[in-house]
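Under full-length UniProt numbering, the first residue of the sequence shown is numbered 1, with each subsequent residue one higher.
Cβ atoms here follow ideal geometry from the backbone N, Cα and C, with glycine treated the same way.
Quantities reported herein were computed from a predicted structural model and do not represent experimental measurements.
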Amino acid sequence: MLAGWMFANDYCMFDIEGPLYCTLFLAVYFSAVLCISFALVQTRLAVATAPMGSAAPKRTAYRLLAGTSFYLFIAWILTVVIAFLWIANGEVYGSSLWRIYGAQAIILHSNQLVTPLLFGWFWRHAMQAVLLSSEVDSAEAA
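Given below as structure tokens:
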């Protein structure tokens, strides 16, 4: 706390230690986990039934989806922990558990480096390969 300002939410992010954002965040996070889990299952089934020519790029895309999903799950898990600590114990930032905000800051700020690599480089390359293999399969079928 600095003159009534809490750095963790007044300068960096939403107030996870408040009922509105805590509820919204947990609802969105767990909804996203369910949607991503469903997407992983559906993608796995699509890869298993893909023609031989397009299976390799789709398998690579699936692995990238699984890795990205795991990374994003881990990247936001500390915010989930803070939310549950707040629900269980009350104030987190003003307690002896305040150091969790430091770990959260390191992980969330590393997203500024990791996310452009994931989506700007790896995903673009993988999706181009999937699209190209789909075009080849369509041309062969015609």
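- Taking the Cα of leucine 72 as reference, the smallest distance to any Cα among Gln42, Leu118, Ala48 and Thr60 is reached at Leu118.
- The DSSP-derived three-state label of alanine 50 is coil.
- Taking a C-beta distance under 7 angstroms as the contact criterion, valine 47 and arginine 63 do not qualify as a contact pair.
- Rounded to whole angstroms, the gap between the alpha carbons of tryptophan 86 and glycine 18 is 8 angstroms.
- For arginine 59, the secondary structure class from DSSP, reduced to helix, strand or coil, is helix.
- In the displayed model, phenylalanine 122 falls within a helix according to three-state DSSP.
- Going by C-alpha positions, alanine 83 is about 10 angstroms away from glycine 90.
- Taking C-beta atoms under 8 angstroms as the contact rule, threonine 43 and leucine 65 qualify, at a distance of about 6 angstroms.
- In the three-state reduction of the DSSP assignment, isoleucine 87 falls in the helix class.
- Rounded to the nearest whole angstrom, the C-alpha separation of alanine 129 and proline 57 is 6 angstroms.
- Taking all protein chains in view, the Cβ of cysteine 22 is crowded by 16 or more other Cβ atoms within 10 Å, so the residue is classified as buried.
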